[in-house]
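Enquirer: Just so you know, the protein sequences line up as chains D and Y, in that order. Mapping of the first sequence onto the working numbering: residues 6 to 161, in sequence order. Mapping of the second sequence onto the working numbering: residues 5 to 247, in sequence order. Sharing a structure below in structure tokens format, with a few things to ask.
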Amino acid sequence: MFFKDAGHLFRLAAVFLIGLLLFLVLRNTLVPKSFGQYGHFRGSALADLAARPVNFAGHQTCEGCHSDVLEKKKDGRHARVNCEACHGPLAKHADDPASVAPEKLDAAVLCVRCHEANAAKPKTFPQVVSADHSNGLACDTCHQPHSPAITAGGAK
Amino acid sequence: MNLTRRHLLFLLPSAAVAWKYVLAGTPESAPNYSMANHWWGMLIDLPKCIGCGNCVRACQMENDVPEGYFRTWVERYHVSEWDMENPKVDSPDGGKKGFPPPREEGGKNFFVPKLCNHCSDSPCTQVCPVGATFDSPDGVVLVDKTYCLGCRYCVQACPYGCRFINPKTNTAEKCTLCYHRITKGLTTACCESCPTGARQLADLKNPRDPIHEFLKTHSVHVLKPHMATGAKVFYNELDGSVR
Chain D
6 MFFKDAGHLF RLAAVFLIGL LLFLVLRNTL VPKSFGQYGH FRGSALADLA ARPVNFAGHQ
66 TCEGCHSDVL EKKKDGRHAR VNCEACHGPL AKHADDPASV APEKLDAAVL CVRCHEANAA
126 KPKTFPQVVS ADHSNGLACD TCHQPHSPAI TAGGAK
Chain Y
5 MNLTRRHLLF LLPSAAVAWK YVLAGTPESA PNYSMANHWW GMLIDLPKCI GCGNCVRACQ
65 MENDVPEGYF RTWVERYHVS EWDMENPKVD SPDGGKKGFP PPREEGGKNF FVPKLCNHCS
125 DSPCTQVCPV GATFDSPDGV VLVDKTYCLG CRYCVQACPY GCRFINPKTN TAEKCTLCYH
185 RITKGLTTAC CESCPTGARQ LADLKNPRDP IHEFLKTHSV HVLKPHMATG AKVFYNELDG
245 SVR
């Protein structure tokens, strides 16, 4: 008979077959379904990363309610400075304006962050040495932060 | 009721108006973001950077970056008149709290904000052994932290030093280009908080994005072009001494 002494080959083949089956079953259960959807990575990772909550609401959101501030800023030098550049991340306030109030800002910290003189800043950018600029007066005594140029009538 | 053809003709315009209102009522959060329509990058207009550190702080607040680690940071370059090849670079606390006056007189001083360049041929993606870091179809290099082993290959592979191992999770971390924001139609936290507009998010697949005109009309460069990484963070008026 042809298969007379081939029993050991069948056993070997069976071992390989079981190994292959085990591999396929394990692979199927362990590798996430979306792996390879867009490339050699888990496709659903994109959705996981995109699901993170936002902290900075974005100036469009702010402007939806605070159009009066937008009007004030419009012609000033700070027209293109976004709200949250100074006010900080306020998505929580935007979601629930009634119960989450934005913090009061400290002009002494905020203004010098940008306007303290430094040789590395562009020459055209308005800079002051805060120590001798205002005799210790707070910046917002004279400058209105939303439209900082001092007008003829003084700060409004 | 007998609906004749004439009745239907009268009904159609009002149905069209009504349908418009139905559409307008659809919440904006609906997943109408299509990865195929975007190819993200960033423009950094160096002459506008004032080194205020707003971007660094905003990034840390938006993305819970651990203290002492940075997904974006600002470097200050000091190049003396006679030694262009050896600029002195400092970045105290990533520039988060601004910069003290330069230690040396003379020469030229300027700021260079750094972040992941979201390379289209990213070396960090190529070395990842487990497919934890990848180039998304919309051109952002991201990390799947559930897959990351923390082997640090990518940290070494990045020529720009933009990656680190998060000490809490022991996984690689980097700038995601605020993927959770740009997919919702917002700009990144750093761009949102940049007071001078020195940072601008750019969508290279959007024909109406001002980036195209800007690239055509300005002296724009990328960092380490000799590495052929296909970097997509474009620097306007980049000084030759910048590494």
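Even for Gly, the Cβ is constructed at its ideal location relative to N, Cα and C.
1. Would you mind telling me which residues of chain Y sit closer than 7 Å to D:A99, beta carbon to beta carbon, in chain order?
2. Here's a check: name, in chain order, each residue in its chain whose Cβ is nearer than 7 Å to the Cβ of Y:E241, leaving out the five neighbours to either side.
3. If you check the beta carbons only, do Y:H42 and Y:D207 fall under 8 Å apart?
4. With 8 Å as the threshold, decide whether the Cβ of D:C119 is near any Cβ in chain Y.
5. Taking a contact to mean a Cβ-Cβ separation below 8 Å, would you say D:A154 touches D:G81 in this structure?
6. How about Y:D49: is its C-beta nearer than 8 Å to some C-beta of chain D?
7. With 8 Å set as the bound, which would you pick, yes or no: does the beta-carbon of D:D145 sit closer than that to a beta-carbon of chain Y?
8. Helix or strand or just coil, what does DSSP make of Y:R80?
9. Taking the alpha carbon of D:H64 as the point to measure from, which residue in D:R57, D:A55, D:V74 has its own alpha carbon closest?
10. Quick one: which unbroken alpha helix (DSSP H) runs of 4-plus residues sit fully inside the region 111-158 of chain Y? Chain order, please.
11. Helix, strand or coil, according to DSSP, for Y:H222 in the structure here?
12. Please report whether the beta-carbon of D:F28 lies at a distance below 8 Å from any beta-carbon of chain Y.
13. List, in chain order, every chain Y residue whose beta-carbon is nearer than 7 Å to that of D:K126.
14. So what does DSSP say about D:Q42, is it helix, strand or coil?
15. Quick one: Cα of D:K128 to Cα of Y:G99, how far?
16. Kindly list, in the order they appear in chain D, the residues whose Cβ is closer than 8 Å to that of Y:F154.
17. In angstroms with no decimal places, state the Cα-to-Cα distance between Y:C120 and D:K77.
18. With DSSP as the reference, identify every bridge partner of D:A187, one or two as the case may be.
19. When the Cα of Y:C53 is compared with those of Y:M231, Y:F114, Y:T221, which residue comes out closest?
20. Relative to the C-alpha of Y:C198, which candidate in Y:N36, Y:R10, Y:C59 has its C-alpha closest?
21. Could you tell me whether any Cβ in chain Y is nearer than 8 Å to the Cβ of D:V105?
Expert: In short:
1. Here residue 99 of chain D corresponds to residue number 94 of the first sequence, with the count starting at 1. Chain-ordered listing is empty here: chain Y has no CB closer than 7 Å to the CB of D:A99, the nearest sitting near 12 Å.
2. Your numbering for residue 241 of chain Y matches position 237 in the second sequence. Closer than 7 Å at the Cβ level, and outside the excluded window around Y:E241, lie L50, P51, S223.
3. Here residue 42 of chain Y refers to the residue found at position 38 of the second sequence. Here residue 207 of chain Y refers to the residue found at position 203 of the second sequence. Yes, the pair counts as a contact, with Cβ atoms nearer than the cut-off.
4. Stepping through the first sequence from its first residue, residue 119 of chain D is reached at position 114. Judged by the 8 Å Cβ criterion, D:C119 is in contact with chain Y.
5. Taking the first residue of the first sequence as position 1, residue 154 of chain D is located at position 149. Taking the first residue of the first sequence as position 1, residue 81 of chain D is located at position 76. When the beta-carbon positions are compared, D:A154 and D:G81 come within less than 8 Å of each other.
6. Within the second sequence, the letter at position 45 stands for residue 49 of chain Y. Answer no: the Cβ-Cβ gap between Y:D49 and chain D never drops below 8 Å.
7. Mapped onto the first sequence, residue 145 of chain D falls at position 140. By this cut-off, D:D145 is not an interface position.
8. Within the second sequence, residue 80 of chain Y is the residue found at index 76, counting from 1. Judged by DSSP in its simplified three-state form, Y:R80 adopts strand.
9. The residue given as residue 64 of chain D occupies position 59 in the first sequence. Closest option to D:H64, judged by alpha-carbon separation, among D:R57, D:A55, D:V74: D:V74.
10. Runs of the alpha helix (DSSP H) inside the region 111-158 of chain Y: 127-131.
11. Counted from its first residue, the second sequence places residue 222 of chain Y at position 218. Here Y:H222 carries a coil assignment [DSSP, helix/strand/coil].
12. Stepping through the first sequence from its first residue, residue 28 of chain D is reached at position 23. D:F28 does not count as touching chain Y.
13. Here the question's residue 126 of chain D lines up with position 121 in the first sequence. In chain order: I54, G55.
14. As a first step, residue 42 of chain D must be located in the first sequence, where it is residue number 37. DSSP places D:Q42 in coil when its eight states are reduced to three.
15. Working through the first sequence from its first residue, we reach residue 128 of chain D at position 123. Working through the second sequence from its first residue, we reach residue 99 of chain Y at position 95. Note on geometry: alpha-carbon atoms of D:K128 and Y:G99 lie some 19 Å from one another.
16. For the purposes of this step, residue 154 of chain Y is taken as the residue at position 150 of the second sequence. The question names Phe, but residue 154 of chain Y in the sequence shown is Gly. The contacting residues do not exist; Y:G154 stays about 16 Å from chain D at best.
17. By one-based count along the second sequence, residue 120 of chain Y stands at place 116. By one-based count along the first sequence, residue 77 of chain D stands at place 72. Those two C-alpha atoms are separated by around 36 Å.
18. Nothing about residue 187 of chain D can be reported from this structure: the residues present for chain D run from 6 to 161 only.
19. What you label residue 53 of chain Y is simply residue 49 of the second sequence in a count that begins at 1. Of the listed residues, the one whose Cα sits closest to Y:C53 is Y:F114.
20. The residue you call residue 198 of chain Y lines up with position 194 of the second sequence. Closest option to Y:C198, Cα to Cα, is Y:C59.
21. In the first sequence, counting from the first residue as 1, residue 105 of chain D sits at position 100. It does not; no Cβ of chain Y falls within 8 Å.
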